[in-house]
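Contents: one structure, followed by commentary.
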Amino acid sequence: MNYLKDNYKYMHGFGNEFESEALEGALPIGRNTPRFAPYGLHIEQLNGTSFTVPRSAGNRRTWFYRIRPSVMHLPFEKYLSKNSSGGPNRLVTNFNDPNQLEVVPNQLRWSPFKIPKKSDGLEIDFVDGMSTICGAGDPALGAGIAIHIYCANSDMKGRAFTNSDGDYLIVPQKGALRIQTEFGYMLVQPNEICVIQRGMRFRVEYVENPENKEKSQQGEGFRGYILEVFGGHFEIPDLGPIGANGLANPRDFKIPTAHYEDSKDCKDMVDGQYEIIQKFSGELFSAKQSFSPFDV
1 MNYLKDNYKY
11 MHGFGNEFES
21 EALEGALPIG
31 RNTPRFAPYG
41 LHIEQLNGTS
51 FTVPRSAGNR
61 RTWFYRIRPS
71 VMHLPFEKYL
81 SKNSSGGPNR
91 LVTNFNDPNQ
101 LEVVPNQLRW
111 SPFKIPKKSD
121 GLEIDFVDGM
131 STICGAGDPA
141 LGAGIAIHIY
151 CANSDMKGRA
161 FTNSDGDYLI
171 VPQKGALRIQ
181 TEFGYMLVQP
191 NEICVIQRGM
201 RFRVEYVENP
211 ENKEKSQQGE
221 GFRGYILEVF
231 GGHFEIPDLG
241 PIGANGLANP
251 RDFKIPTAHY
261 EDSKDCKDMV
271 DGQYEIIQKF
281 SGELFSAKQS
291 FSPFDV
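Each residue of the sequence shown is one higher than the last, beginning at 1 in the UniProt record's numbering.
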């Protein structure tokens, strides 16, 4: 396949300690929470583990320095996504609830999932294009997994998504993705994977391949898989008997560099509003705010 040129800058490593700033001097020196942060920024922390977890056990946290506090939004309300069939969202998370499941003892296989066509009057983005295939466990118990598919044909315009239930491992199967996060931008293409950890806000755009431009204009869209884990985080597996040179190494993983978006520069807001869609305990909720969530 033909890979797109990736012009974004990254840091390399897995489970490392990183720092990145979009403006020189934005990071405070010598302390994380000074009384007055540089540029008058607001200080927030995103916890990947309990803050009392020892360093040796993998304490994970990120300090954000934002233009506006992330809590400046209207109250969340229930959100019903649209999909290719025009019905409500088809996400399942609590696999201990028999009312959400259909148990089938037969062996199953399926053809490629249909990508909605714009020519049919359907504009489906990454959030509305997600559907659950299978899984086990319950995010409220902090244990289990879910496997989803996404089939979409439109960018996420004026909206961001955050998952409070677990980490997402996104595997593009058809079409490259430009993913904007609070940490910066990533270009994720087929034969690559991307991890979005719990609580991180992100939005997904479809990146057109110039060689397939004619097809994309016909509404070809993009498709892929998502593995969601409810407890803990993804780790690099031990090498075992295959030796030190097998599988992926920490240097093969790339971390985005800081990029901030102020509201006056944000062209994706709809009627001056940005929509935040949150997945919480298997349900989807929506809230509006008057600024971009990527002002870090």
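We put the beta carbon where it would ideally sit given N, CA and C, even for glycine.
The structure presented is a predicted model; accordingly, all values stated were derived computationally and were not measured.
Subject >> Assigned exposure category for Arg109 - 16 Cβ within 10 Å defines buried >> reply: exposed
Subject >> Counted within 10 angstroms of its Cβ, other Cβ atoms place Gly246 as buried (16 or more) or exposed >> reply: exposed
**OP:** Jot down the residue ranges of each uninterrupted alpha helix (DSSP H) in the stretch 227-256, minimum 4 residues, whole runs only, in chain order.
**Re:** none
Original post:
Is it the case that the Cβ atoms of Phe202 and Phe161 are separated by a distance below 8 Å?
Top reply: yes
Subject >> Supposed close pair Met130, Leu91 - CB separation, criterion 8 Å >> reply: 6 Å
Original post:
Would you say Ala248 faces chain C, with C-beta separation under 8 Å as the test?
Top reply: Absence of chain C from the displayed structure is noted, only one protein chain being present.
Original post:
From Ser164 to Ile147, what does the alpha carbon distance come to, in whole angstroms?
Top reply: 16 Å
**OP:** Measure from the alpha carbon of Gln189 to the alpha carbon of each residue in Phe36, Pro139, Arg178 and Gly199, then state which is nearest.
**Re:** Arg178
Subject >> Test item: CB-CB of Gly175 and Tyr225 under 8 Å >> reply: no
Original post:
Phe64 to Gln45, Cα distance in whole Å?
Top reply: 6 Å
Original post:
For Val188, which beta-bridge partners are listed by DSSP?
Top reply: Leu177
Original post:
Does the stretch 289-296 come close enough to the stretch 67-79 that 3 or more CB-CB pairs lie under 8 Å?
Top reply: yes
Original post:
For Asn7, which of Leu227, Leu187, Met269 and Ile196 has the nearest alpha-carbon?
Top reply: Leu187
Original post:
Just curious, the beta strand (DSSP E) that Ala152 is in, first and last residue?
Top reply: Ala143 to Ala152
**OP:** Give me the Cα-Cα distance between Gly30 and Phe36, rounded to the nearest whole angstrom.
**Re:** 13 Å
Subject >> Counterpart residues of Tyr79 in DSSP-defined beta bridges >> reply: DSSP, once it has assigned bridges, lists no residue as partnering Tyr79.
Original post:
Less than 8 Å separating the beta-carbons of Ile236 and Pro256?
Top reply: no
Original post:
Taking 7 Å as the cut-off, is the CB of Ile145 close to at least one heavy atom of the ligand GTP?
Top reply: This structure lacks the ligand GTP; in fact it carries no ligand of any kind.
**OP:** Report the three-state DSSP secondary structure of Ser50 (helix, strand or coil).
**Re:** coil
Original post:
If we ignore side chains and look at the alpha-carbon of each, how far apart do Ile43 and Ser50 end up?
Top reply: 18 Å
Original post:
Looking at the unbroken beta strand (DSSP E) that takes in Met130, where does it start and where does it end?
Top reply: Met130 to Asp138
**OP:** Using alpha carbons as the reference points, say which of Gly158, Asn47 and Arg60 lies closest to Ser286.
**Re:** Gly158
Subject >> Between the CA atoms of Pro98 and Cys266 - distance to the nearest angstrom >> reply: 43 Å
Subject >> Closest residue to Ile277 among His259, Gly232, Met200 and Ile149 (Cα-Cα distance) >> reply: Met200
Original post:
Around the Cβ of Cys134, are there at least 16 other Cβ atoms within 10 angstroms (buried) or fewer (exposed)?
Top reply: exposed
Subject >> Length of the line joining the Cα atoms of Ser81 and Ile124 >> reply: 9 Å
Original post:
For the candidate residues Leu74, Leu4, Arg61 and Asn32, whose alpha-carbon lies nearest to that of Arg198?
Top reply: Arg61
Original post:
Near Glu228, which residues of its chain fall below 6 Å by C-beta distance, leaving aside the five closest residues on each side in sequence?
Top reply: Ala146, Gly166 and Tyr168
Original post:
Using the beta-carbon count (16 or more within 10 Å), is Tyr39 buried or exposed?
Top reply: exposed
Original post:
So who's on the other strand from Gln289, going by DSSP bridges?
Top reply: Tyr274
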